[in-house]
Amino acid sequence: MSIHFYNTISRQKEEFLSIEEKKVRMYTCGPTVYDFAHIGNYRTFMFEDLLRRYLEFRGYEVIQAMNITDVDDNTIRRSREKGVSLKELTNEYKAGFHADLKSLNIQPAHQYPEATQYVSEMIEMVQELEKMGFAYKTDDGSVYFDIGKYDGYGKLAHLKPDEMERGERVTDDSYEKEGARDFALWKGYKPEDGDVEWDSPWGKGRPGWHIECSVMSTELLGAHFDIHCGGVDNIFPHHENELAQSVCANGSKFVNYWMHSEYLLVDNKKMSKSLNNFYTLRDLLDKKYPLAAIRWMLLTTHYRQKLNFSVERLDEAQKAVNRLREFVSKLADYDGQGHDDGKNSVMSAKADFTAAMDDDLNISGGLAAIFELVRWGNRAMDNEELSKEGAGKILKLVQSFEHVLGVLTMKEEPSPKLDTVYIESKIAERNAARANKDFARSDAIRDELADQGIELIDTPDGTKWKLK
RNA sequence: GGCGUGGUGCCCAAGUGGUCUAAGGGAGUGGUUUGCAAAACCAUCAUUCGCCGGUUCGAAUCCGACCCACGCCUCCA
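Under our numbering, the letters of the first sequence match residues 460 to 927, in that order.
Listed below in structure tokens is the structure:
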């Protein structure tokens, strides 16, 4: 059995073969840190997390690098609007980004290269391209990549340069260019750039957007590596340009598998800043949606499928997570004396899960395998057919699935104003009332706590409580 | 204009020629449990896969036309 991934460049599923045995090097396009990321952004990082976790589940060692774009038009503009330095601005959002990744239980990449740390390497690569005749300088001190010199241009995005619509962009583009669609490798200094500038052979200026990924991926993963990911909106122009630069500069193959995740939608429209229909992670947490529900929702729709966001889906997601968590705790506590060792169910669940996920991360199929095991296990425990050892085996399997899902053991942020002593005293008071069969009083206390968002659950082991 | 993606039960969503009278999750319904609830558990829940035609012994799955939704071709995960 082998893993297959959909490769954007060939537009079909291909068998996954790593360059090095059991080792995968992947580059994942990270954020531009000029604002808080919204959950549409996080969908992509979640997909990359799933990809990496699954490869690890399948026994690969994964080396992941994720870039941080900390200099570009947006960051410069925003820092000037806010009247802070570029560094100050990007540091703030960089910190926010890392905090969100942690909240969402996204495994940290091994490297987070920042564009501003690699400017001299970028200059070198631009010089190489210029030397080889793939780039040209313009009078304003900029350097452009000449797409006419590279006949593979458009291969990734499946666009033919001469068939692309022109629009009216020539007028609002202040740079001089020989060809209409050549792109900037290096941007000559303009007054709007403020104090953001580097010296270069072409005068002072700053790097173009695309060159950073070519340089940083080459530096950290080598000229030729296994997987490159991002959102579908990165396909063109960003990844197309990166591909052109890297292939021309390094003279070798660049990436074996290009994988892109689809958009997160709101009311069937792309979630974006301009439509003002976005939610940040903080927005959802403020509305008391649990992190596990958010992770589950983002994770469990196939990455190449558009995902229409709604808060109702968060509620559904939370219930599914609860069901799994309940199953795990039942397995852990199980002390039955049945004779079924669960072997068959464990084997088929593992096989079904793996077969589904091997097929381009078919998470729906993977979850079906897990929930079939849940149903079987619950029934076997209820009927005392399962042995204690069997429960242990199932638990172990579920924990290995958890390495892929990363959702059962997620920590929720503690609610700041929670007086646990008060809650416990109310519960004690209610239990006293219940013991006296004063159910009117007991129900009143339950309602009182419910109004404060605290839900009581009576179990054979006593009364438990949780946040609604 | 060019290039794409998707339309499956009340909702979400797998399945891409026979084992599909269609997986799984949520909701609903019935039951177990409970002082009553809640939660949990069990059971049940599409002869049907946007529409029309065609190919085939056989189609949700292939082909053609059409309708609808969304995206890319410009910064965007």
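Where is the CB? At the ideal position from N, CA and C, for every residue including glycine.
Fair warning: this is a prediction, and the values are worked out from it, not measured in the lab.
With 16 or more other Cβ atoms inside 10 Å of its own Cβ, Gly-836 counts as buried. The beta carbons of Phe-737 and His-557 sit no closer together than 7 Å. A Cβ-Cβ contact shorter than 7 Å links Glu-474 with His-463.
Rounded to the nearest whole angstrom, the C-alpha separation of Leu-854 and Pro-490 is 37 Å. Across the structure, Lys-747 and Tyr-501 are spaced so that their CA atoms are roughly 18 Å apart. Within the same chain, and ignoring the five residues on either side of Phe-768 in sequence, the residues whose Cβ sits closer than 6 Å to its Cβ are Leu-723, Val-725. Of the residues Ala-887, Gly-613, Leu-832, the one whose Cα lies closest to the Cα of Met-806 is Leu-832. Around the beta-carbon of Gln-764, fewer than 16 other beta-carbon atoms lie within 10 Å, marking it exposed. Distances from the alpha-carbon of Phe-495 to those of Glu-914, Ser-731, Val-691 put Ser-731 closest. Secondary structure at Ala-703: helix, using DSSP grouped into helix, strand and coil. Excluding the 5 residues flanking it on each side, Glu-651 has same chain C-beta neighbours closer than 8 Å at Ile-535, Arg-536, Arg-539, in chain order. Residue nearest to Asn-709 within the set Val-530, Lys-590, Ala-751 is Lys-590 (criterion: CA-CA distance). For secondary structure counted as the beta strand (DSSP E) over 3 or more consecutive residues, the stretch 510-595 holds these complete runs in sequence order: 520-525. Per DSSP, the continuous beta strand (DSSP E) segment holding Arg-484 begins and ends at 482-487.
Taken through DSSP and simplified to helix, strand or coil, Asn-715 comes out as strand. Each residue's CA atom was taken as its position, placing Ser-562 and Gln-858 some 20 Å apart.
In this structure the stretch 670-685 lies against the stretch 558-577, because at least three pairs of beta carbons, one per stretch, are closer than 8 Å. Judged by beta-carbon spacing, Phe-684 lies beyond the 7 Å limit of Leu-644, meaning their Cβ atoms are not closer than that value. Sequence-distant Cβ neighbours of Leu-734 in its own chain, meaning closer than 7 Å and more than five residues away, are Lys-728.
Spatial neighbours of Arg-905 in its own chain (CB-CB distance under 8 Å, excluding positions within 5 residues in sequence) are listed in chain order as Arg-889, Leu-915. In the three-state reduction of the DSSP assignment, Thr-760 falls in the coil class, being assigned neither a helical nor a strand state.
Using a Cβ distance threshold of 7 Å, Ser-601 and Gly-647 count as a contacting pair. Rounded to whole angstroms, Tyr-577 and Glu-520 show a C-alpha spacing of 26 Å. DSSP, reduced to helix, strand and coil, places His-617 outside both helices and strands of the structure shown, so it counts as coil.
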